[in-house]
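Scroll down for the structure; my scribbles are underneath it.
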Amino acid sequence: MEYVSTIMPALLKGLVTTLQLFALTLCLSLPLGLVVSLGAMSRLWPVKAVSNVYIWLLRGTPLMLQLFFVYYALPAFGITLDRFPAAVTTFVLNYSAYFAEIYRAGIQSIDGGQYEAAKVLGFSRGKTMRYIIIPQTIRRIIPPVTNEVITLVKDTALATAIAVPELIKAAKDAANRDVNTTGYVIAAALYLVLTFLLTLVSRTLEKKYSISDREGGGRIIKDKKGRSLLLGGLFGGSL
Amino acid sequence: MKVLDMKGIVKKFGAEGFRAVDGVSLCVDSGEIVSIIGASGSGKSTLLRAVCTLERIDAGSIVIDGDTIVKDGVYAKESELLRIGRKSGMVFQHFNLFPHLTVLQNVTISPVKIYGETQDKADKRAMELLDMVGLANKANNYPSQISGGQKQRVAIARALALSPKLMLFDEPTSALDPEISGEVLQAIRRLAKSGMTMLLVTHEMGFAREISNRVVYMDEGRIVEQGGPDALFGAPKSERLQAFLQAVIQV
Ligand SMILES: Nc1ncnc2c1ncn2[C@@H]1O[C@H](COP(=O)(O)OP(=O)(O)OP(=O)(O)O)[C@@H](O)[C@H]1O
Ligand SMILES: [Mg+2]
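Each protein sequence line maps, in turn, to chains A and B.
Those letters in the first sequence? Residues 1 to 239, by my numbering.
Those letters in the second sequence? Residues 240 to 490, by my numbering.
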């Protein structure tokens, strides 16, 4: 127990780095993935080609290799990044490609009749995406996206390969120094707590969105005087 | 006063240039109700979809309420099409309601997000329209919570929310059980009584006969015969229409 308290500060510091890497990757790759997926479905063939090559390269090679490339090989092209920014860059690029594929599958699962209805109601292509297609897609992609997010927590461990001081690196340093593997056990417990919390969040999200899709009871419309328009519309406001 | 004026419409599909619509001219006067009947694949939907620019025609002209959508195969510019677009409302066979929006939001989203009406005003108008189709009490439900016949009536209200001059219906009851289609036909009847100009594709011959001022029979992309409903159904002239009606009655 005493040993635990001596290595805990270092492990927690590692955990903070892990969380930073995780959060930054999510915040940047979720929107970037949308841009890439829209590019992959673009009508302009150069945009489409570039986006598809991007997805193919980043999904088709190991994340570890991409980390090495960004950290060790990019300096030869005049781009030198520190360990942490190199890891963030790699993870963002890699995960945006995976998210792009999820978005694309989600968008393509929307029935063609939705586009036709939107078109006859005056929606441009952009507004159709914004108001009709993407809101429906979000509901459908919550399960695969949250899956990917949980994988990301664990994938951040790969950053240890370029010596980013995250949780695994902290555990490994302690283990090597003290010839004691307790650090790994604690790291494992911390990852489990993180994935458990994320699973809870994803369950809540799934529930919330499936409810608003099926069960109504949404907002009750009221006019300015606070009368329910439902009744007002029916009885000319005499109620 | 012509609400719809189509001349020499040609629509080709595919590499071989198959003519789904092959030189159709058709006018619909204000307040008139015109039904299009014909066998599957005769080009009825394609013609209707050309009116609401879901299909771009290869030749011909379309004028709605004095505004030219396309003249001799050349389309007006996008901003013009957006403005003219709201002069026709389209009701689809499969309703195509937006499942992530409530019934009320389905009706108001276009007036508010596209045509800049205030939410208040759009909500009030939508409630009137939903009341007209008998669904004011479903305003806050989602499409998945209402029946097919109710969905189609919402779709009608949604199209009406843009105050169109012309309503287009493409087999509005074909996806519904016969016992349910009656409520949709009733909503269309009410609309007819209110003086709305309508162009309707239907397989319900009884309804076409009852509601139409004029019935148009299409085959292989062309209008073969047209006339008043009693004349057309009672005394069909062309052999093709006679054969078609014979076949329909037997089914
Ligand atoms: N997008 C398309 N691409 C290729 N061919 C098409 C397309 N849309 C329609 N067609 C063809 O054009 C012809 C007319 O189709 P249309 O849908 O207008 O027929 P319809 O009279 O509405 O038939 P139904 O009663 O079955 O609805 C058909 O032969 C159809 O296969
Ligand atoms: Mg059809």
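Think of the CB as a built atom: it goes at the ideal place given N, C-alpha and C, for glycine as much as any other residue.
For clarity, every value in this text was computed on a predicted model and none was experimentally measured.
Item to check | Close-in-space but distant-in-sequence residues of the same chain around B/Leu-480 (CB under 7 angstroms, 5 per side omitted) | outcome: Residue mapping note: residue 480 of chain B aligns to position 241 of the second sequence, counting from 1. Result list for B/Leu-480: Tyr-456, Val-463 and Glu-464, in chain order.
Next on the checklist: Please report whether the beta-carbon of B/Pro-338 lies at a distance below 8 angstroms from any beta-carbon of chain A.
Outcome noted: On the second sequence, residue 338 of chain B is found 99 positions in, with the first residue counted as 1. Judged by the 8 angstroms Cβ criterion, B/Pro-338 is in contact with chain A.
Item to check | Residues that A/Gly-279 contacts on chain B, provided the C-beta gap is smaller than 8 angstroms | outcome: Here chain A has residues from 1 to 239 only, and residue 279 of chain A is not among them.
Next on the checklist: Using a Cβ-Cβ cutoff of less than 7 angstroms, which residues in the same chain neighbour A/Leu-15 once the five nearest sequence positions on both sides are dropped?
Outcome noted: Counted from its first residue, the first sequence places residue 15 of chain A at position 15. Result list for A/Leu-15: Leu-167 and Leu-190, in chain order.
Checklist entry - So, A/Ala-87 versus A/Val-164, is the Cβ gap smaller than 8 angstroms? => result The count along the first sequence starts at 1 and reaches residue 87 of chain A at position 87. The count along the first sequence starts at 1 and reaches residue 164 of chain A at position 164. Yes; because the gap between Cβ atoms is below 8 angstroms, this pair is in contact.
Item to check | Contact set between the segment 102-120 of chain A and chain B, restricted to residues whose Cβ is under 7 angstroms from the partner | outcome: Gly-113, Gln-114, Glu-116, Ala-117, Lys-119 and Val-120
Next on the checklist: List, in chain order, every chain B residue whose beta-carbon is nearer than 9 angstroms to that of A/Leu-135.
Outcome noted: Here residue 135 of chain A corresponds to residue number 135 of the first sequence, with the count starting at 1. Leu is not the amino acid found at residue 135 of chain A; the sequence shown has Pro there. Chain B residues near A/Pro-135: Phe-337, His-339 and Leu-340.
Checklist entry - B/Cys-500 to B/Gln-384, Cα distance in whole Å? => result Beyond the ends of chain B as shown, which are 240 and 490, falls residue 500 of chain B; an answer cannot be given.
Checklist entry - When you compare each of A/Leu-197, A/Glu-206, A/Ala-175 and A/Arg-203 to A/Val-4 by their alpha carbons, which one comes out closest? => result Working through the first sequence from its first residue, we reach residue 4 of chain A at position 4. The residue with the shortest Cα to Cα distance from A/Val-4 is A/Ala-175.
Item to check | Residue-chain proximity (A/Ile-141, chain B), Cβ-Cβ < 8 angstroms | outcome: By 1-based counting over the first sequence, the position of residue 141 of chain A is 141. So, not an interface residue.
Next on the checklist: Using a Cβ-Cβ cutoff of less than 7 angstroms, which residues in the same chain neighbour A/Lys-169 once the five nearest sequence positions on both sides are dropped?
Outcome noted: In the first sequence, the residue the question calls residue 169 of chain A occupies position 169. Contacts found: Gly-14, Thr-160 and Ala-163.
Checklist entry - Measuring CB to CB, does B/Ile-308 end up less than 8 angstroms from B/Ala-298? => result Position 69 of the second sequence holds residue 308 of chain B. Position 59 of the second sequence holds residue 298 of chain B. Taking 8 angstroms as the Cβ cut-off, B/Ile-308 and B/Ala-298 do not qualify as a contacting pair.
Checklist entry - Can we say the segment 388-406 of chain B touches the segment 336-355 of chain B, given the rule of at least three CB pairs closer than 8 angstroms? => result yes
Checklist entry - Between A/Asp-213 and A/Ile-141, what straight-line distance do the alpha-carbon atoms span, to the nearest angstrom? => result By one-based count along the first sequence, residue 213 of chain A stands at place 213. By one-based count along the first sequence, residue 141 of chain A stands at place 141. Confidence in A/Asp-213 is poor, its pLDDT being 49 and thus under 50, which makes the residue's placement unreliable; the coordinate value appears in the next sentence. The straight-line gap from Cα to Cα measures roughly 14 angstroms.
Checklist entry - Which residues are close to ligand 1, meaning CB closer than 5 angstroms to any heavy atom, in chain order? => result B/Phe-252, B/Ala-259, B/Ser-279, B/Gly-280, B/Ser-281, B/Gly-282, B/Lys-283, B/Ser-284 and B/Thr-285
Item to check | Whole runs of the beta strand (DSSP E) within the segment 344-379 of chain B, excluding any shorter than 3 residues | outcome: none
Checklist entry - Between B/Pro-338, B/Lys-432 and B/Glu-367, which lies nearest to A/Tyr-209 when the distance is taken from Cα to Cα? => result Taking the first sequence and counting its residues from 1, one reaches residue 209 of chain A at position 209. Out of B/Pro-338, B/Lys-432 and B/Glu-367, B/Pro-338 has the C-alpha closest to the C-alpha of A/Tyr-209.
Next on the checklist: On the CB-based measure, 16 or more other CB atoms within 10 Å of its CB, does B/Thr-357 come out buried or exposed?
Outcome noted: Taking the first residue of the second sequence as position 1, residue 357 of chain B is located at position 118. Label assigned to B/Thr-357: exposed.
Item to check | Neighbour flag for B/Cys-266 against chain D, beta carbons, 8 angstroms | outcome: Absent from the structure is chain D; the protein chains it does hold are A and B.
Checklist entry - Would a check of beta-carbon distances place A/Lys-127 closer than 8 angstroms to chain B? => result Position 127 of the first sequence holds residue 127 of chain A. Yes, A/Lys-127 lies at the interface with chain B (some Cβ there is under 8 angstroms from its Cβ).
Checklist entry - Which full runs of the alpha helix (DSSP H) of 4+ residues lie inside the segment 60-107 of chain A, going along the chain? => result 63-68
Checklist entry - Taking contact to mean at least 3 C-beta pairs separated by less than 8 angstroms, is the segment 258-276 of chain B in contact with the segment 445-460 of chain B? => result yes
Item to check | Segment limits, alpha helix (DSSP H) that includes B/Gly-324 | outcome: Within the second sequence, residue 324 of chain B is the residue found at index 85, counting from 1. Its alpha helix (DSSP H) spans residues 317-324.
Checklist entry - Is the CB of B/Met-329 under 8 angstroms away from at least one CB in chain A? => result As a position in the second sequence, residue 329 of chain B is number 90, starting the count at 1. Yes, its Cβ sits closer than 8 angstroms to a Cβ of chain A.
Checklist entry - Exposed or buried, what is B/Met-329 when buried is set at 16 or more other beta-carbons lying within 10 Å of its beta-carbon? => result Position 90 of the second sequence, counted from the first residue, corresponds to residue 329 of chain B. Flag for B/Met-329 reads buried.
Checklist entry - Taking the runs of the beta strand (DSSP E) that are 3 residues or longer, which of them lie wholly in the segment 404-481 of chain B? => result 405-409, 436-440, 453-458 and 461-466
Checklist entry - Given that B/Leu-293 touches chain A, what residues does it touch there, using C-beta distances under 8 angstroms? => result As a working note, residue 293 of chain B is residue 54 in the second sequence. Those are Glu-116, Lys-119 and Val-120, listed as they occur along chain A.
Item to check | 8 angstroms Cβ shell around B/Glu-294 - same chain, five flanking residues per side excluded | outcome: Numbered from 1 along the second sequence, position 55 holds the residue referred to as residue 294 of chain B. Excluding residues within five positions, the ones whose Cβ falls inside 8 angstroms are Lys-250, Thr-285 and Arg-288.
Checklist entry - In this structure, does DSSP put A/Phe-22 in helix, strand or coil? => result Walking along the first sequence from the start, residue 22 of chain A turns up at place 22. Helix, per DSSP.
Checklist entry - Can you give the beta carbon distance from B/Ser-300 to B/Gly-247, rounded, assuming they're within the 8 angstroms contact cut? => result The residue given as residue 300 of chain B occupies position 61 in the second sequence. The residue given as residue 247 of chain B occupies position 8 in the second sequence. Indeed, because the Cβ distance is near 7 angstroms, the residues count as touching under 8 angstroms.
Checklist entry - For A/Arg-59, is the classification buried or exposed, using 16 other Cβ atoms within 10 angstroms of its Cβ as the cut-off for buried? => result For the purposes of this step, residue 59 of chain A is taken as the residue at position 59 of the first sequence. A/Arg-59 should be labelled exposed.
Item to check | chain B contacts made by the segment 183-204 of chain A, where a contact means CB separation under 7 angstroms | outcome: none
Next on the checklist: Using only the alpha-carbon positions, how far apart do B/Asp-304 and B/Leu-407 sit?
Outcome noted: Walking along the second sequence from the start, residue 304 of chain B turns up at place 65. Walking along the second sequence from the start, residue 407 of chain B turns up at place 168. Between B/Asp-304 and B/Leu-407, the C-alpha separation is close to 14 angstroms.
Checklist entry - Can you round the beta-carbon distance between A/Tyr-71 and A/Leu-81 to whole angstroms, since I take them to be within the 8 angstroms contact cut? => result Translated into the one-based positions of the first sequence, residue 71 of chain A becomes position 71. Translated into the one-based positions of the first sequence, residue 81 of chain A becomes position 81. Rounded, the Cβ-Cβ distance is 7 angstroms, consistent with contact.
Checklist entry - So, is B/Lys-476 buried or exposed, given that buried needs 16 or more other C-beta atoms within 10 angstroms? => result Within the second sequence, residue 476 of chain B is the residue found at index 237, counting from 1. Classification for B/Lys-476: exposed.
Next on the checklist: Measuring only from the beta carbon, is B/Val-440 closer than 7 angstroms to any heavy atom that is part of ligand 2?
Outcome noted: Within the second sequence, the letter at position 201 stands for residue 440 of chain B. At least one heavy atom of ligand 2 is nearer than 7 angstroms to the Cβ of B/Val-440, so yes.
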